[in-house]
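In what follows, a single structure is set out as structure tokens and then discussed.
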Amino acid sequence: MTKTVIITGANSGLGFETTKQIAERGSDYQLIMACRNMEKARAAKAKILESVPSANLICLELDTSSLAKVRAFAAAFKQLNLPLYGLVCNAGIAGRTVSQTDDGFSNIFETNYLGHFLLTQLLLPLMADNGRIVTVSSERHDALLKDVSWPGVKALAYGGDAQVDQLSYPFSKLCMILFSYELDRKLKESGKQIAVNTVNPGVMTETGLAKDKSRFTPEVLAQFADIIGTAKDSGKMITDLICAEQFAEGPAKYYDRSSDKPVKSSDLSYDKRVQQELWDFSMKAVGLSK
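Under our numbering, residue 294 is the last one in the sequence shown; the count climbs by one each step, no gaps.
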């Protein structure tokens, strides 16, 4: 039986490597390369087919910085009439220069988190009962060290303040973990067996997030060896979580650069009150609160 898996940001870095490695697991996987740039997506598809000629690949346009484009992607995917097995929420941007999207949110918050929140909600009705969801976070998600209430950090969803903008990236990645834990709980309460996990791929020098790669000298790499990851190794971690039988059931866990065993995420990420507050805010922000 064909298993359809959607990978966001599949044209480069971690998304590309994950797509390639799932394709290598067998031709029964139908892979949807959900990318913002279709030219780059098609080039990435061609490159994967060079090494995995049997790969089943479809490119669909997706820009998670736009709620309208997320809805357009979901509609386009539905037209394919494919049963959905897996979703990898990987696409993301970094930086301290924050702009506002057409929806009025921080571009980092919407690209990394809110767009994926809406995407997941729209696709859940199409997902198999034994499906799997993997979200991509970061070791920097614990940059918000103090306990917070949602009103206290709400500005991070919108940006516009220099001090606030410095925390936009770690906040978006914290949101991915909070969302994953809350989603897992709600799925289990509803009786669905969809497995949800969240991962830290490490600082990857070969991804699009690392704009200035010249700074990654051997000395710098040695200094940060404990947080450096590779697209290949972290791609295997996500591929295992999507494909391997031992990850078919929950509860949701956090993995750090390896699927060998889960690790603990930040204390704040386990706060059920914050998880619920973020969920409620997000449902209203994407227009699904009713």
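In this text, a Cβ means the ideal position worked out from N, Cα and C, and glycines have one as well.
Can you check which of these residues, Arg144, Trp283, Val56, is closest to Ser270 by C-alpha distance? Minimum Cα-Cα distance from Ser270 among the listed residues Arg144, Trp283, Val56 corresponds to Arg144.
Looking at the structure shown, is Val102 part of a helix, part of a strand, or coil, going by DSSP? For Val102, the secondary structure class from DSSP, reduced to helix, strand or coil, is coil.
Assign Gln279 to one of two classes, buried (16 or more other C-beta atoms within 10 Å of its C-beta) or exposed (fewer than that). The residue in question, Gln279, is buried, as its Cβ has 16 or more Cβ neighbours within 10 Å.
Length-filtered (4 minimum) alpha helix (DSSP H) runs lying within the region 52-91: As far as the region 52-91 is concerned, its whole alpha helix (DSSP H) runs of at least 4 residues are 71-83.
Expressed to the nearest angstrom, what Euclidean distance is found between the alpha-carbon atoms of Leu178 and His120? A straight line joining the alpha-carbon of Leu178 with that of His120 spans about 13 Å.
Classify Gln34: buried if its beta carbon has 16 or more other beta carbons within 10 angstroms, exposed otherwise. In the assembly as shown, Gln34 is a buried residue. Its beta-carbon has 16 or more other beta-carbons within 10 Å.
According to DSSP, what are the bridge partners of Val110? The sequence as given places Ser at residue 110; Val does not occur at that position. Paired residues: Gln104.
DSSP beta-bridge partners for Cys93? In DSSP, Cys93 forms a bridge with Thr139.
Taking Cβ to Cβ, would you say Thr12 is nearer than 8 Å to Asn94? At a Cβ-Cβ threshold of 8 Å, Thr12 and Asn94 count as neighbours.
The alpha helix (DSSP H) spanning Thr202 covers which residue range? Taken as a continuous stretch (DSSP letters only), Thr202 belongs to no alpha helix (DSSP H), being part of the beta strand (DSSP E) at 199-204.
What are the partner residues of Ala38, as DSSP defines its beta bridges? Beta-bridge pairing links Ala38 to Thr12, Leu64.
Report the three-state DSSP secondary structure of Asp275 (helix, strand or coil). Residue state, collapsed to three classes: coil.
Would you mind working out which of Gly99, Met42, Leu122, Val102 sits nearest Thr68, comparing C-alpha positions? Shortest Cα-Cα distance from Thr68 to any of Gly99, Met42, Leu122, Val102 involves Leu122.
Would you mind stating whether Leu2 and Thr105 have Cβ atoms separated by less than 8 Å? Absent from the model: residue 2. The displayed extent of the chain is 5 to 294, so no value can be given.
Check whether the region 18-30 touches the region 233-243, counting contact only when three or more Cβ pairs, one atom from each stretch, lie closer than 8 Å. Between the region 18-30 and the region 233-243 there are three or more inter-stretch CB-CB distances shorter than 8 Å, so the stretches are counted as touching.
What does the Cβ neighbour count give for Asn85, buried or exposed, with the cut at 16 atoms within 10 Å? It is exposed - the Cβ of Asn85 has fewer than 16 other Cβ atoms within 10 Å.
Where does Arg219 fall in DSSP's three states? In this prediction, Arg219 scores a pLDDT of 46, lower than 50, which makes its location untrustworthy; no coordinate-derived value is stated.
Decide if Val267 is buried, meaning its Cβ has at least 16 other Cβ atoms within 10 Å, or exposed. Burial call: exposed.
Neighbour-count burial assignment, Thr101, 16 or more Cβ in a 10 Å radius: By the 10 Å Cβ count, Thr101 comes out exposed.
Do three or more CB pairs link the region 42-56 to the region 72-92 at distances below 8 Å? Under the three-pair Cβ rule at 8 Å, the region 42-56 does not count as touching the region 72-92.
Beta-carbon gap between Tyr89 and Gly30 smaller than 8 Å: Pairing Tyr89 with Gly30 gives a Cβ-Cβ distance that is not under 8 Å.
Within the continuous beta strand (DSSP E) that includes Tyr258, where are the two ends? 258-260 is the extent of the beta strand (DSSP E) around Tyr258.
Pro174: first and last residue of the uninterrupted alpha helix (DSSP H) it sits in: From DSSP, the alpha helix (DSSP H) with Pro174 extends over 172-193.
Tell me the DSSP secondary structure of Tyr162 in three-state form. In the structure shown, Tyr162 sits in coil (DSSP, three-state: anything other than H, G, I, E or B).
Excluding the five sequence neighbours on either side, which residues of its own chain have a C-beta within less than 8 Å of the C-beta of Asp165, listed in chain order? Same-chain partners within the cutoff: Ala159.
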